[in-house]
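Asks: Residue numbers (the working numbering), protein chains in the order written: chain A, 175 to 398; chain B, 95 to 240.
Cβ coordinates follow ideal geometry from the N, Cα and C atoms, glycine included.
Owing to the predicted nature of the structure, the values given are computational and were not obtained by experimental measurement.
Quick one: the structure is below, and I'll ask about it shortly.
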Ligand code: SF4
Ligand code: SF4
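In structure tokens form, the structure reads like this:
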């Protein structure tokens, strides 16, 4: 899923300066699972912002609404009525940054702000801890590495690892992080495939990543 | 701060320990400040950050979450969860400009009536020292303060 994290209240207050009536919109997708922008987090954030603004002597009205998903225009259209009826001057989106962009494209008379920092594509390590697993390079090659991604999870993105900094299974760059090359090697050894690691790998083909502008996926059979 | 400020404190007390302790304090005829209003919860693990925040937002001067002694939670670790959540709310409150110390966690055994009375006193004194919930003070004054 996409992992996100709430921005500091101070930063959000700066964005909201000059706005007195705002809709805070959460998302029931990824950001609910990573506890950044679901119904509950939206409630907590709205409360915190109202408290902060009362402290500043300029109270703010914040209504809360959480959409099933903000990464699809159909759900964004649910905002039409509340935005028409309630005179909000701003929408703060607690989704990954797809949400606020869709809202900004659809409604040209409200300010749109991100409540979250979208961090990475990741998974849950334990309750309350998330880590990055994929850099969306567009050319997945993890079958060469025992199903583990060195592009993302090796701090140096090495295709031939480990480096000399691997120690006790941990990475020299950040000791709390597993050395993925240690895991790759151990796994390949268990699979009896260490030989595969010895094969020289050509430089990674990054053409599916930055080049060519905004990336798209098209499924002709699904288009209407 | 007004001389006759009487703090309004909400205490979320767990059924198995601190609520029983409060009950016991009552049957032991122990006197403790009447400022603390008790809300019974099945376990402090049930107390959500939102409950605490909304209580402050709606005007309480202080909130305490009172659970079993550490290691004695009827649901094993509800009080440890509550402890972390209290710390989380304290951080959010200070980010929002309200003293985090208005929210506090206590651990009281079911058999400890005097412990409950003591916690009520400590909490009342803490809040008395902090003064009224800044959200209930006139806003002009607050903006000067910030
Ligand atoms: S190789 Fe690329 S697509 Fe595959 S997991 Fe790594 S970053 Fe993601
Ligand atoms: S220690 Fe391991 S994970 Fe860290 S940079 Fe070296 S090979 Fe990569």
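Buried or exposed: where does residue 101 (chain B) fall if 16 or more other Cβ atoms within 10 Å of its Cβ makes it buried?
Replies: As a working note, residue 101 (chain B) is residue 7 in the second chain. Buried.
Asks: Mind listing which residues of the segment 177–197 of chain A have their C-beta closer than 8 Å to chain B's C-betas, in chain order?
Replies: Correct list: 182, 183, 184.
Asks: Compute every distance between the C-beta of residue 308 (chain A) and the non-hydrogen atoms of ligand 4, then say whether any falls below 7 Å.
Replies: As for ligand 4, it is missing from this structure, which binds only ligand 1 and ligand 2.
Asks: Just checking residue 314 (chain A) against ligand 1 - is the residue's beta carbon closer than 7 Å to any of the ligand's heavy atoms?
Replies: Taking the first residue of the first chain as 1, we reach residue 314 (chain A) at position 140. Because some heavy atom of ligand 1 lies under 7 Å away, the Cβ of residue 314 (chain A) counts as near it: yes.
Asks: Give me whichever residues DSSP pairs with residue 189 (chain A) in a beta bridge.
Replies: What you label residue 189 (chain A) is simply residue 15 of the first chain in a count that begins at 1. In DSSP, residue 189 (chain A) forms no bridge with anything.
Asks: Within a Cβ cutoff of 7 Å, which residues of the same chain sit near residue 294 (chain A), ignoring the five residues on either side of it in sequence?
Replies: As a first step, residue 294 (chain A) must be located in the first chain, where it is residue number 120. Around residue 294 (chain A): 177, 306.
Asks: Applying a beta-carbon distance threshold of less than 7 Å, which residues of chain B neighbour residue 234 (chain A)?
Replies: As a working mapping, residue 234 (chain A) is identified with position 60 in the first chain. The contacting residues do not exist; residue 234 (chain A) stays about 12 Å from chain B at best.
Asks: Once the 5 residues before and after residue 296 (chain A) are set aside, which same chain residues still bring their CB inside 6 Å of it?
Replies: As a first step, residue 296 (chain A) must be located in the first chain, where it is residue number 122. Only 177, 304, 305, 306, 307 meet the Cβ criterion.
Asks: Interface residues of chain B around residue 217 (chain A) at Cβ under 7 Å?
Replies: As a working mapping, residue 217 (chain A) is identified with position 43 in the first chain. The answer, in chain order, is 144.
Asks: Along chain A, in chain order, which residues have C-beta atoms closer than 7 Å to that of residue 154 (chain B)?
Replies: Within the second chain, residue 154 (chain B) is the residue found at index 60, counting from 1. Simply none; closest approach about 12 Å.
Asks: Closest Cβ-Cβ distance between residue 341 (chain A) and chain B: below 8 Å?
Replies: On the first chain, residue 341 (chain A) is found 167 positions in, with the first residue counted as 1. No, residue 341 (chain A) does not count as interfacial toward chain B.
Asks: Quick one: what's got a C-beta closer than 6 Å to residue 187 (chain A)'s C-beta in the same chain, skipping five residues either side?
Replies: Counting from 1 along the first chain, the entry for residue 187 (chain A) is found at position 13. For residue 187 (chain A), where only same-chain residues beyond five positions count, the Cβ hits under 6 Å are 226.
Asks: Measure the C-alpha to C-alpha separation of residue 215 (chain A) and residue 157 (chain B) and round it to an integer number of angstroms.
Replies: By one-based count along the first chain, residue 215 (chain A) stands at place 41. By one-based count along the second chain, residue 157 (chain B) stands at place 63. Roughly 20 Å separates the two Cα atoms.
Asks: Report the partner residues of residue 282 (chain A) according to the DSSP bridge assignment.
Replies: As a working mapping, residue 282 (chain A) is identified with position 108 in the first chain. DSSP, once it has assigned bridges, lists no residue as partnering residue 282 (chain A).
Asks: Hey, is residue 289 (chain A)'s beta-carbon within less than 8 Å of any beta-carbon in chain B?
Replies: Here residue 289 (chain A) refers to the residue found at position 115 of the first chain. Output row for residue 289 (chain A): interface = no.
Asks: In chain A, which residues lie with their C-beta within 7 Å of the C-beta of residue 228 (chain B)?
Replies: Position 134 of the second chain holds residue 228 (chain B). Neighbours of residue 228 (chain B) on chain A, chain order: 229.
Asks: Quick one: is the Cβ of residue 335 (chain A) within less than 7 Å of any heavy atom of ligand 2?
Replies: Within the first chain, the letter at position 161 stands for residue 335 (chain A). True, at least one ligand heavy atom lies under 7 Å from that Cβ.
Asks: Which residue wins for smallest C-alpha separation from residue 151 (chain B), given the options A:218, A:302, A:242, A:240?
Replies: Mapped onto the second chain, residue 151 (chain B) falls at position 57. Per the Cα distances, A:218.
Asks: How is residue 105 (chain B) classed by DSSP in three states: helix, strand or coil?
Replies: Here residue 105 (chain B) refers to the residue found at position 11 when the second chain is read from its first residue. Of the three classes helix, strand and coil, the one that applies to residue 105 (chain B) here is strand, per DSSP.
Asks: Chain B beta carbons: is any one of them nearer than 8 Å to that of residue 221 (chain A)?
Replies: Counting from one through the first chain, the residue named residue 221 (chain A) turns up at place 47. At least one chain B Cβ lies under 8 Å of residue 221 (chain A).
Asks: Between which two residues does the beta strand (DSSP E) carrying residue 192 (chain B) extend?
Replies: Residue 192 (chain B) sits at position 98 when you count from the first residue of the second chain. No beta strand (DSSP E) contains residue 192 (chain B), which DSSP labels as neither H nor E.
Asks: Are residue 160 (chain B) and residue 200 (chain B) close, meaning C-beta to C-beta below 8 Å?
Replies: In the second chain, residue 160 (chain B) corresponds to position 66, counting from 1. In the second chain, residue 200 (chain B) corresponds to position 106, counting from 1. In contact: residue 160 (chain B) and residue 200 (chain B) (Cβ atoms closer than 8 Å).
Asks: Based on the DSSP output, what are the partners of residue 180 (chain A) in its beta bridges?
Replies: Counting from one through the first chain, the residue named residue 180 (chain A) turns up at place 6. According to DSSP, residue 180 (chain A) bridges with A:290.
Asks: Secondary structure at residue 396 (chain A), three-state DSSP: helix, strand or coil?
Replies: The residue given as residue 396 (chain A) occupies position 222 in the first chain. If DSSP states are grouped into helix, strand and coil, residue 396 (chain A) belongs with the helices.
Asks: Mind pulling the chain B residues with CB within less than 9 Å of residue 325 (chain A)?
Replies: The residue given as residue 325 (chain A) occupies position 151 in the first chain. Going along chain B, no residue has its Cβ under 9 Å from residue 325 (chain A), so there is no contact; the nearest lies around 34 Å.
Asks: For residue 210 (chain B), which residues does DSSP report across the bridge?
Replies: As a first step, residue 210 (chain B) must be located in the second chain, where it is residue number 116. Partner(s): none; residue 210 (chain B) has no beta bridge.
Asks: Could you check how far apart the C-beta atoms of residue 333 (chain A) and residue 375 (chain A) are, in whole angstroms? I think they sit under 8 Å.
Replies: Counted from its first residue, the first chain places residue 333 (chain A) at position 159. Counted from its first residue, the first chain places residue 375 (chain A) at position 201. Right, their Cβ atoms sit about 5 Å apart.
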